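Yeah, the sequence shown ends on 617 if you go by the numbering used here, and it's all consecutive. Where is the CB? At the ideal position from N, CA and C, for every residue including glycine. Since the model is a prediction, treat every value here as computed from it, not as a measurement.
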Amino acid sequence: MYSASFLSSTAIVYVEDNVGWRWGFGIGMAANALALALFLIGAPYYSREETRASPFTGLLRVAVAAFRKRKMKTTTGDYYYGDDDGVKRGDEDAPTNWFSQLNRAAVKVEGDILPNGSVARPWKLCTVQQVEDLKSVIKILPLWSSSIFLGTPIGVQLSLTILQALASDRRLTSTFTFSAGSIIIFSFLSTALGVVLIDRCLRPAWKRLTPGNKDLTPLQLIGIGHVFNFASMALSAVVEARRRRHLISVMWLVPQMVVVGLGEAFHFPGQVGLYYQEFPACLKGVATAMVAMLVGVAFYLSTAVVDFMRRVTVWLPDDIDEGRLDYVYWVMVVIGVANFGYFLVISWLYHYKNGEVVSKDEVA
254 MYSASFLSST AIVYVEDNVG WRWGFGIGMA ANALALALFL IGAPYYSREE TRASPFTGLL
314 RVAVAAFRKR KMKTTTGDYY YGDDDGVKRG DEDAPTNWFS QLNRAAVKVE GDILPNGSVA
374 RPWKLCTVQQ VEDLKSVIKI LPLWSSSIFL GTPIGVQLSL TILQALASDR RLTSTFTFSA
434 GSIIIFSFLS TALGVVLIDR CLRPAWKRLT PGNKDLTPLQ LIGIGHVFNF ASMALSAVVE
494 ARRRRHLISV MWLVPQMVVV GLGEAFHFPG QVGLYYQEFP ACLKGVATAM VAMLVGVAFY
554 LSTAVVDFMR RVTVWLPDDI DEGRLDYVYW VMVVIGVANF GYFLVISWLY HYKNGEVVSK
614 DEVA
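See below:
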């Protein structure tokens with residue numbers, strides 16, 4: 254993904270700036286056509302698994318069953334552990350007490366089970382495992398929501414940095430002018446290099462220095478990413494304040510791209526690891542897609558934020574030299590710090606799926 258972004262932000266942007274936008278769009282269309290052709294050629298050779306019921310159906314059944322049994326006075330009783338075909342599961346622990354209202358969905362009452370052991374009404378009785386799966390998803394949603402507001406300032410920054418580059422001195426030599434749209438490649442390069450350094454240097458060093466050779470946890474990685482994120486916004490505000498007073502080289506914008514890229518090197522792997530670790534087994538495939546989903550939501554939200562700023566303030570006029578981009582960045586800093594505080598609170602309250610509580614050291 255980053256390789257494609259790097260190529261589009263360099264080669265295609267160069268073509269658009271120096272040859273023409275038609276050529277740039279034409280190259281993009283040709284690349285998509287080639288990718289589609291390769292996909293169709295390889296499709297017959299893909300391994301296809303047998304179609305199974307959607308795991309989301311099971312989660313929805315839990316909510317419906319719990320609602321239908323909402324008048325039940327107790328959430329304890331004879332729990333159902335088997336599948337619809339009556340096969341028993343090996344793990345028959347009682348459901349957890351967290352969000353105990355959902356436990357009603359797994360309590361067997363008269364008429365729920367047929368003589369052959371199967372479920373008579375699937376939308377009124379669920380397995381304990383299905384109940385716990387829904388609880389796992391509900392627990393992770395607050396952390397996921399904090400990541401949306403982690404990505405929103407990044408989307409705003411990427412857009413505004415290109416505007417800053419357009420208003421800066423982009424001449425690197427007497428014959429070469431840096432393309433404004435290519436400034437974001439430093440974020441990609443920083444992320445790629447940061448991931449390698451974190452994996453090969455920081456994490457081994459952390460294990461050696463901490464008692465018990467503990468690795469950096471997903472929540473710690475995400476928390477560090479939060480700090481890099483609002484630090485990058487603050488740096489962007491400082492650079493913009495200088496740009497308004499003096500004509501600066503486009504290279505002044507590189508540090509803010511490097512810092513935000515390092516933040517992504519921390520929080521993106523942390524999020525993938527957290528969702529894959531904490532999501533139920535039936536949703537492991539969905540867990541890896543959660544990051545892509547939050548990036549999409551965050552960038553749509555960043556567009557809404559920019560549009561809102563243009564409507565209610567004079568900070569983003571057509572000529573940014575007449576505006577106050579630095580104020581916009583400071584607003585992003587405030588949002589980032591507030592979101593970081595929200596992340597710390599929900600991390601403190603979070604219980605891992607294996608029952609462990611997030612420690613004070615981890616939150617710190």
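Through-space distance from residue j to residue i, alpha-carbon basis
i: residue 267; j: residue 543; result: 33 Å
i: residue 260; j: residue 313; result: 42 Å
i: residue 349; j: residue 533; result: 15 Å
i: residue 319; j: residue 599; result: 25 Å
i: residue 429; j: residue 575; result: 28 Å
i: residue 480; j: residue 523; result: 14 Å
i: residue 618; j: residue 546; result: Given a span of 254 to 617 for the chain in the structure shown, any question on residue 618 remains unanswerable.
i: residue 503; j: residue 286; result: 35 Å
i: residue 393; j: residue 514; result: 25 Å
i: residue 489; j: residue 414; result: 8 Å
i: residue 550; j: residue 443; result: 23 Å
i: residue 317; j: residue 284; result: 46 Å
i: residue 436; j: residue 593; result: 27 Å
i: residue 296; j: residue 282; result: 21 Å
i: residue 379; j: residue 363; result: 14 Å
i: residue 264; j: residue 275; result: 14 Å
i: residue 277; j: residue 603; result: 47 Å
i: residue 412; j: residue 511; result: 15 Å
i: residue 427; j: residue 418; result: 18 Å
i: residue 395; j: residue 548; result: 16 Å
i: residue 256; j: residue 440; result: 12 Å
i: residue 262; j: residue 416; result: 15 Å
i: residue 269; j: residue 445; result: 26 Å
i: residue 383; j: residue 356; result: 10 Å
i: residue 567; j: residue 552; result: 22 Å
i: residue 560; j: residue 288; result: 34 Å
i: residue 401; j: residue 331; result: 40 Å
i: residue 459; j: residue 447; result: 15 Å
i: residue 377; j: residue 325; result: 13 Å
i: residue 570; j: residue 352; result: 49 Å
Alpha helix (DSSP H) segment containing residue i, residue limits
i: residue 499; result: Run containing residue 499: none; DSSP gives neither H nor E here.
i: residue 523; result: 507-531
i: residue 452; result: That residue, residue 452, is in no alpha helix (DSSP H); it is neither H nor E in DSSP.
i: residue 270; result: 266-271
Cβ neighbour criterion (16 or more within 10 Å) applied to residue i
i: residue 471; result: buried
i: residue 562; result: buried
i: residue 564; result: exposed
i: residue 309; result: exposed
i: residue 462; result: exposed
i: residue 323; result: exposed
i: residue 556; result: exposed
i: residue 305; result: exposed
i: residue 465; result: exposed
i: residue 354; result: exposed
i: residue 294; result: exposed
i: residue 338; result: Here the model assigns residue 338 a pLDDT of 45, short of 50, so the residue's position is not dependable, and the following value carries that caveat. With fewer than 16 other Cβ atoms within 10 Å, it is exposed.
i: residue 301; result: exposed
i: residue 303; result: exposed
i: residue 482; result: buried
i: residue 272; result: exposed
i: residue 359; result: buried
i: residue 485; result: buried
i: residue 292; result: exposed
i: residue 476; result: buried
i: residue 586; result: buried
i: residue 591; result: exposed
i: residue 498; result: exposed
i: residue 197; result: Because the chain here runs from 254 to 617, residue 197 falls outside it and cannot be looked at.
i: residue 247; result: For the chain, the structure presents residues 254 to 617; residue 247 sits outside this window and is missing.
heavy atom of the ligand NAD below 7 Å from residue i C-beta
i: residue 507; result: Only the bare structure without any ligand can be found here, which leaves the ligand NAD out of the picture.
Extract the residue ranges of the beta strand (DSSP E) inside the segment 343-428, only unbroken runs of 3 or more that lie entirely within it.
none
Taking one C-beta from the segment 376-390 and one from the segment 540-558 each time, how about it: are there three or more such pairs within less than 8 Å?
no
Is the segment 485-497 touching the segment 571-581, taking contact as three or more C-beta pairs under 8 Å?
yes
List, from N- to C-terminal side, the alpha helix (DSSP H) runs of 4 residues or more that fit wholly inside the segment 280-335.
308-321
Do three or more CB pairs link the segment 508-525 to the segment 441-451 at distances below 8 Å?
yes
At least 3 beta-carbon pairs within less than 8 Å: the segment 360-370 vs the segment 405-419:
no
Hey, is the segment 503-514 in contact with the segment 414-434, meaning 3+ C-beta pairs nearer than 8 Å?
yes
Complete runs of the alpha helix (DSSP H) confined to the segment 543-605 [at least 4 residues]
578-602
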